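*Asks:* Taken in order, these protein sequences are the chains called Y and P. No gaps in the numbering here: position 317 of the first sequence is 316 in numbering that gives the first Met the number 0, and each next residue is one more. No gaps in the numbering here: position 229 of the second sequence is 228 in numbering that gives the first Met the number 0, and each next residue is one more. Just so you know, even glycine gets a beta-carbon here, dropped at the ideal spot from N, CA and C. This structure is a prediction, so every number in the text was calculated from the model and none was measured.
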Amino acid sequence: MKRFWKDGDPWIWLTGGTLAVCLIFVAGLVFLITVSGMGIFWPQEILRFTLADGKTVLGSIAQSEPMPKSAKPGSADPGRRIQVKQGNRDQDLNAGVDFVWIDESKITGRDVVPEAVLVERREWGNLFGTIKEVRVDGKPIAQGPEKGLEAILVRMPAARAQADKIESLQKRDIGAVNRSQDRIRLQLKGLALEGTASGPAVDRLQAQMKPLDEQYAQLAQKLTDLRKVKTGTVLFGIEGGKEKELDIENIVRIIEPNRMGLFSKAGCYLSRLWEFLVDDPRESNTEGGVFPAIFGTVMMVLLMSLFVTPLGILAALYLREYAKQGTFVSLVRIAVNNLAGVPSIVFGVFGMGFFIYRIGGSIDRLFFSESLPTPTFGTGGILWASLTLALMTVPVVIVATEEGLAAIPKNLREGSLALGATKWETTWRVILPALAPSILTGLILAMARAAGEVAPLMITGVVKLAPSMPLDGQFPFLHMDRKFMHLGFHIYDVGFQSPNVDAARPMVFTTTLLLLVIVVALNLTAIVLRRRLRRKFQMSAV
Amino acid sequence: MEMGMKIDLPPHSAEPRDPARTVPGGDPMVEIDHLRFYYTGKEAVKDVTLNFPKHKVSALIGPSGCGKTTLLRCLNRMNDLIDGVHHTGTIKIGGLEIYDTSLDITELRKRVGMVFQKSNPFPKSIYENVAYGPRLQGIRKRSTLDEIVERSLKGAALWEEVKDRLSDSALGMSGGQQQRLCIARAVAVEPEVLLMDEPCSALDPVATGKVEELLFSLKERYTIVIVTHNIQQAARVSDVTAFMLMGNLVEFGAARQVFTTPKDSRTEAFISGRFG
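Below, the structure is given as structure tokens:
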């Protein structure tokens with residue numbers, strides 16, 4: 000027995016067991032997120048529940064749980080209850096909520112309705128019902144569920160093209176005119192600030208303004224005309240014997256889940272997944288896609304890397320190569336390490352105070368004075384958010400770079416110096432290439448931390464819904480002053496700030512999963528790069 | 000020497016030499032005069048006076064910690080990298096005082112090349128390793144660099160082995176090849192003096208033999224100072240041998256004389272393997 004302890008076997012079991020526990024936690028977390036997040040795109044069966052009081056509910060089961068004891072005091076077995084997604088929140092009957100809880104003991108009938116359809120709408124969320132009639136210009140052209148669905152599907156491409164046309168007119172054509180108008184307006188304002196209210200310059204600008212105003216009026220008219228063109232409407236029958244007429248333009252997707260086979264369900268799943276990845280959000284972020292948030296996250300992380308890498312490398316080089324090692328440098332090193340432990344919100348507050356108000360405010364006063372009091376750089380934006388995160392993650396890069404520097408053998412430096420290189424030449428030509436893998440290690444850690452950070456972003460430039468992206472086709476293409484969306488903030492916003500919590504909950508898991516995937520993808524890229532560099536610059540074993 | 004000698008050698012003085020400083024076997028290239036060297040108070044080299052002859056191989060032998068490496072590293076001022084060192088006395092190379100404050104230390108190191116105990120190729124290609132020194136001197140022209148790389152690799156008897164893989168990483172070579180690459184790298188800048196700090200201590204006998212052979216051809220162009228604690232090696236390669244013990248220079252003379260008829264009993268004890 001004594002030998003058993005002395006051999007160290009129990010300690011091996013202890014270390015291995017601890018690792019196993021950690022791995023189980025991580026794997027469990029990822030499993031939970033994956034299962035909860037990936038399920039929401041799968042089309043679910045639509046059921047009609049008949050209740051004891053004669054009411055009916057059409058919808059799909061969202062979850063089931065034991066009835067809380069407090070709901071049925073005195074009963075020994077309160078039974079279970081189910082939550083049904085019934086949609087139709089535009090109906091007064093449903094009081095603006097998509098979900099309803101039903102006591103299982105009060106359900107008298109549960110039928111699969113083959114012709115029931117689920118309609119994803121641009122507005123008001125989902126609609127559950129049955130197709131009664133399809134009308135064009137008010138005249139019925141198809142009746143009943145089968146023919147009606149056919150008629151809708153035939154007309155949906157045209158309706159989508161119409162919607163795209165309206166969007167492009169709004170965003171591109173009218174947007175361009177608006178920007179030109181704004182520019183002239185700002186120039187006029189700038190002149191007015193200088194004290195020129197009239198004169199040739201003002202006249203010239205006003206002359207430029209005139210055709211733009213006309214153009215705008217024309218485009219606005221065109222938009223109104225376009226909006227009047229209707230592809231058709233659909234009359235749906237919904238629970239409670241009511242009817243709802245819906246424009247085909249308003250339909251994003253219409254499916255009959257109860258009649259779908261495995262393959263069409265899989266197709267629908269993929270199409271929804273694709274929509275989630277590449278579309279803009281709808282319905283205060285609870286529906287549609289998260290593309291702007293993906294884009295914002297990746298761009299913010301890349302910008303942050305761009306700022307943090309030189310900052311970290313140069314600081315580490317000075318600390319390790321040039322500074323005289325002593326108490327002061329040790330103190331600096333401790334301070335740098337502790338900086339990594341400062342709560343991120345503190346960095347956010349610093350970023351807001353220093354970058355946004357001080358630097359951004361000065362930039363606005365110097366270069367964008369005519370648009371004041373509307374701030375350009377003096378408000379949160381992707382530039383300030385990236386800089387704030389770069390500041391937050393710089394200790395990580397410094398520490399990793401310093402460790403790399405310490406690992407570079409002394410005789411490599413001596414070899415270079417002995418050839419008549421100066422210290423700077425040695426650092427630049429020999430040390431830095433050999434250091435590249437360590438720098439990338441630091442960068443990987445920095446990116447992992449920055450991509451998941453939310454608190455500092457909330458006060459330095461993240462928004463719930465950004466009207467335009469920080470990188471687009473408009474001159475000057477890169478808009479560092481713009482606010483942006485971020486997956487981490489999206490999770491917080493959708494999960495905890497949404498008016499429609501039940502509808503948003505699955506989105507939280509899906510978005511979390513997506514954020515994890517993006518962090519892993521970014522890190523993998525850096526790891527592959529590091530492995531290549533290692534192979535190229537590997538230190539000899541001898 | 001198309002790189003050009005940067006320093007004109009001063010004419011040797013006609014006055015008779017101090018017999019202690021007479022160089023066995025040729026004109027002095029390196030002249031060390033009453034050198035004392037201290038690491039934070041500890042005296043590592045004690046009042047050493049000796050000269051190394053031009054275009055000869057001079058060996059510094061002695062047991063570990065006798066100060067031979069310290070003495071060698073004084074010659075290209077590599078010891079300057081260490082904190083808390085100081086020295087007295089003078090060292091002249093090619094007639095120029097190397098501790099002169101007006102001397103550019105990088106210029107000195109271009110004139111005095113060094114090969115280290117552990118091969119230390121840069122994490123670059125074979126070509127870039129050799130071209131490193133010339134590039135530092137501002138040579139950018141590809142054809143000139145190609146020429147220097149080829150000549151240096153040939154000089155280090157490595158050309159035939161690596162001419163087809165010049166762009167491969169230098170770290171993929173064998174230990175002996177790496178050490179000869181370091182020699183090629185050192186001769187690429189056309190130094191006057193080549194310092195070697197136990198260049199074969201990490202090599203197998205075959206690779207050692209190749210490096211030793213190389214020394215015979217290199218000494219036609221360079222003054223070589225080699226530190227070794229391998230007595231047989233010193234006997235094989237050196238023209239002039241200095242024996243050091245605890246920081247003191249015990250004996251200095253032509254290799255044949257030192258190894259066959261040592262004047263000092265301590266030298267005799269060391270080379271016959273009774274200590275060290």
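Measure from the C-beta of Glu320 (chain Y) to each C-beta in chain P and report whether the shortest distance is under 9 Å.
*Replies:* Position 321 of the first sequence, counting from 1, holds the residue named residue 320 (chain Y). No - not a single Cβ of chain P is within 9 Å of the one on Glu320 (chain Y).
*Asks:* Is Cys73 (chain P) buried or exposed, if buried means 16 or more other CB atoms sit within 10 Å of its CB?
*Replies:* The residue labelled residue 73 (chain P) in the question sits at position 74 within the second sequence. Under this definition Cys73 (chain P) is a buried residue.
*Asks:* Is there a Cβ of chain Y sitting closer than 9 Å to that of Arg179 (chain P), yes or no?
*Replies:* Within the second sequence, residue 179 (chain P) is the residue found at index 180, counting from 1. No, Arg179 (chain P) does not count as interfacial toward chain Y.
*Asks:* Should Ala19 (chain Y) go down as buried or exposed, given a rule of 16 or more other Cβ atoms within 10 Å for buried?
*Replies:* Locating residue 19 (chain Y) in the first sequence gives position 20, counting from the first residue. Exposed, because fewer than 16 other Cβ atoms sit within 10 Å of the Cβ of Ala19 (chain Y).
*Asks:* Compile a chain-ordered list of the residues in the stretch 425-441 of chain Y whose CB is closer than 8 Å to at least one CB of chain P.
*Replies:* From the stretch 425-441 of chain Y, only Arg428, Val429, Pro432, Ala433 have a Cβ closer than 8 Å to chain P.
*Asks:* Quick one, which of P:Val192, P:Asn128, P:Ser142, P:Arg235 has its alpha-carbon nearest Leu71 (chain P)'s?
*Replies:* Here residue 71 (chain P) refers to the residue found at position 72 when the second sequence is read from its first residue. Taking only the C-alpha atoms, the option nearest Leu71 (chain P) is P:Val192.
*Asks:* Run through the stretch 160-201 of chain Y for me and flag every whole alpha helix (DSSP H) of 4 or more residues, listed as ranges in chain order.
*Replies:* Runs found: 174-193.
*Asks:* Give me the chain Y residues within the contact set of Arg273 (chain P), using Cβ-Cβ distance strictly less than 7 Å, ordered along the chain.
*Replies:* Taking the second sequence and counting its residues from 1, one reaches residue 273 (chain P) at position 274. Those do not exist, as Arg273 (chain P) stays about 32 Å from chain Y at its closest Cβ, beyond 7 Å.
*Asks:* Is the CB-CB distance between Asp172 (chain Y) and Leu218 (chain Y) below 9 Å?
*Replies:* Taking the first sequence and counting its residues from 1, the one referred to as residue 172 (chain Y) is at position 173. Taking the first sequence and counting its residues from 1, the one referred to as residue 218 (chain Y) is at position 219. Yes.
*Asks:* Just mark His85 (chain P) as buried or exposed, buried being the case when its beta carbon has 16 or more other beta carbons within 10 Å.
*Replies:* Here the question's residue 85 (chain P) lines up with position 86 in the second sequence. It counts as exposed.
*Asks:* Cβ closer than 7 Å: which chain Y residues qualify as neighbours of Leu95 (chain P)?
*Replies:* Mapped onto the second sequence, residue 95 (chain P) falls at position 96. Residues of chain Y passing the Cβ test: none, with the nearest at roughly 15 Å.
*Asks:* Met303 (chain Y) lies in the beta strand (DSSP E); which residues open and close that run?
*Replies:* Start at 1 with the first residue of the first sequence, and residue 303 (chain Y) comes out as number 304. Where Met303 (chain Y) is concerned, there is no enclosing beta strand (DSSP E), although the alpha helix (DSSP H) it sits in stretches over 290-316.
*Asks:* Under 9 Å between the Cβ atoms of Ala206 (chain P) and Gly175 (chain P)?
*Replies:* Working through the second sequence from its first residue, we reach residue 206 (chain P) at position 207. Working through the second sequence from its first residue, we reach residue 175 (chain P) at position 176. Yes, they are a contact pair.
*Asks:* Where do the ends of the alpha helix (DSSP H) carrying Gln231 (chain P) lie?
*Replies:* Counting from one through the second sequence, the residue named residue 231 (chain P) turns up at place 232. 230-236 is the extent of the alpha helix (DSSP H) around Gln231 (chain P).
*Asks:* Can you give the beta carbon distance from Val83 (chain Y) to Val111 (chain Y), rounded, assuming they're within the 8 Å contact cut?
*Replies:* To locate residue 83 (chain Y), count along the first sequence from 1; it is residue 84. To locate residue 111 (chain Y), count along the first sequence from 1; it is residue 112. The Cβ separation is near 14 Å, so there is no contact.
*Asks:* To the nearest angstrom, report how far apart Pro122 (chain P) and Pro432 (chain Y) are at their CA atoms.
*Replies:* Counted from its first residue, the second sequence places residue 122 (chain P) at position 123. Counted from its first residue, the first sequence places residue 432 (chain Y) at position 433. Going from the Cα of Pro122 (chain P) to the Cα of Pro432 (chain Y) covers about 8 Å.
*Asks:* Output the residue ranges of the beta strand (DSSP E) runs that lie fully inside the stretch 10-82 of chain Y and measure 3 residues or longer, sorted by chain position.
*Replies:* As far as the stretch 10-82 of chain Y is concerned, its whole beta strand (DSSP E) runs of at least 3 residues are 46-50, 55-65.
*Asks:* Kindly list, in the order they appear in chain Y, the residues whose Cβ is closer than 8 Å to that of Gly175 (chain P).
*Replies:* By one-based count along the second sequence, residue 175 (chain P) stands at place 176. Neighbours of Gly175 (chain P) on chain Y: none; closest Cβ ~10 Å, over 8 Å.
*Asks:* How many whole angstroms separate the CB atoms of Ile355 (chain Y) and Trp383 (chain Y), which I take to be in contact at a CB cut-off of 8 Å?
*Replies:* Locating residue 355 (chain Y) in the first sequence gives position 356, where the first residue counts as 1. Locating residue 383 (chain Y) in the first sequence gives position 384, where the first residue counts as 1. That belief holds up - the Cβ atoms of Ile355 (chain Y) and Trp383 (chain Y) are roughly 5 Å apart, short of 8 Å.
*Asks:* State the CB to CB distance for the pair Arg110 (chain P) and Ile92 (chain P), rounded to an integer number of angstroms; the pair is presumed to be in contact (CB under 8 Å).
*Replies:* Within the second sequence, residue 110 (chain P) is the residue found at index 111, counting from 1. Within the second sequence, residue 92 (chain P) is the residue found at index 93, counting from 1. That pair is a contact at about 7 Å.
*Asks:* Leaving out five residues on either side along the sequence, give the residues of the same chain with a beta carbon under 7 Å from the beta carbon of Lys218 (chain P).
*Replies:* Residue numbering aside, residue 218 (chain P) sits at position 219 when the second sequence is read from its first letter. Hits under 7 Å: His54, Lys55, Val56.
*Asks:* Does DSSP classify Trp4 (chain Y) as helix, strand or coil?
*Replies:* One-based indexing of the first sequence puts residue 4 (chain Y) at position 5. DSSP places Trp4 (chain Y) in helix when its eight states are reduced to three.
*Asks:* Please confirm if Thr14 (chain Y) has its CB atom under 9 Å from at least one CB of chain P.
*Replies:* Indexing the first sequence from 1 puts residue 14 (chain Y) at position 15. Output row for Thr14 (chain Y): interface = no.
*Asks:* With 9 Å set as the bound, which would you pick, yes or no: does the beta-carbon of Leu411 (chain Y) sit closer than that to a beta-carbon of chain P?
*Replies:* Here residue 411 (chain Y) refers to the residue found at position 412 of the first sequence. So yes, Leu411 (chain Y) belongs to the interface.
*Asks:* Exposed or buried, Met572 (chain Y), counting other C-beta atoms within 10 Å across all chains shown (16 or more means buried)?
*Replies:* It is not possible to answer for residue 572 (chain Y), since the shown part of chain Y is limited to 0 through 541.
*Asks:* Should Leu388 (chain Y) go down as buried or exposed, given a rule of 16 or more other Cβ atoms within 10 Å for buried?
*Replies:* One-based indexing of the first sequence puts residue 388 (chain Y) at position 389. The residue is buried, with at least 16 neighbouring Cβ atoms inside 10 Å.
*Asks:* Going by the DSSP bridge assignment, what does Ile106 (chain Y) pair with across the sheet?
*Replies:* Counted from its first residue, the first sequence places residue 106 (chain Y) at position 107. The partner list for Ile106 (chain Y) (beta bridge, DSSP) reads Y:Leu50.
*Asks:* Identify each residue in the stretch 274-289 of chain Y for which the Cβ-Cβ distance to at least one residue of chain P is less than 7 Å, and report them in chain order.
*Replies:* Hits within the stretch: zero.
*Asks:* Nearest chain P C-beta to Ser415 (chain Y) closer than 9 Å, yes or no?
*Replies:* In the first sequence, the residue the question calls residue 415 (chain Y) occupies position 416. True, the Cβ-Cβ gap to chain P drops below 9 Å.
*Asks:* Go through the stretch 367-444 of chain Y residue by residue and report every complete run of the beta strand (DSSP E) that reaches 3 residues or more, in order.
*Replies:* Segments of the beta strand (DSSP E) lying fully in the stretch 367-444 of chain Y: there are none.
*Asks:* Would Phe543 (chain Y) pass as a contact of Ala465 (chain Y) if the rule is Cβ separation under 9 Å?
*Replies:* Within the shown structure, residues of chain Y are numbered from 0 to 541, placing residue 543 (chain Y) beyond reach of any answer.
*Asks:* Where does Phe115 (chain P) fall in DSSP's three states?
*Replies:* Position 116 of the second sequence, counted from the start, is the residue given in the question as residue 115 (chain P). It is coil, neither helix nor strand.
*Asks:* List the residues of chain A that Thr33 (chain Y) touches, going by C-beta distances under 9 Å, in chain order.
*Replies:* Protein chains in the displayed structure are Y and P, and chain A is not among them.
*Asks:* Taking Ala502 (chain Y) as the query, report the chain P residues whose CB atoms sit under 8 Å from its CB, ordered along the chain.
*Replies:* Stepping through the first sequence from its first residue, residue 502 (chain Y) is reached at position 503. None at all; the shortest Cβ gap to chain P is about 56 Å.
*Asks:* Does the distance from the C-beta atom of Arg220 (chain P) to that of Val186 (chain P) stay below 9 Å?
*Replies:* Position 221 of the second sequence holds residue 220 (chain P). Position 187 of the second sequence holds residue 186 (chain P). Contact: yes.
*Asks:* Name the DSSP beta bridge partners of Arg246 (chain Y), please?
*Replies:* Here residue 246 (chain Y) refers to the residue found at position 247 of the first sequence. Checking the sequence shown, residue 246 (chain Y) turns out to be Asp, not Arg. Paired residue(s): Y:Thr232.
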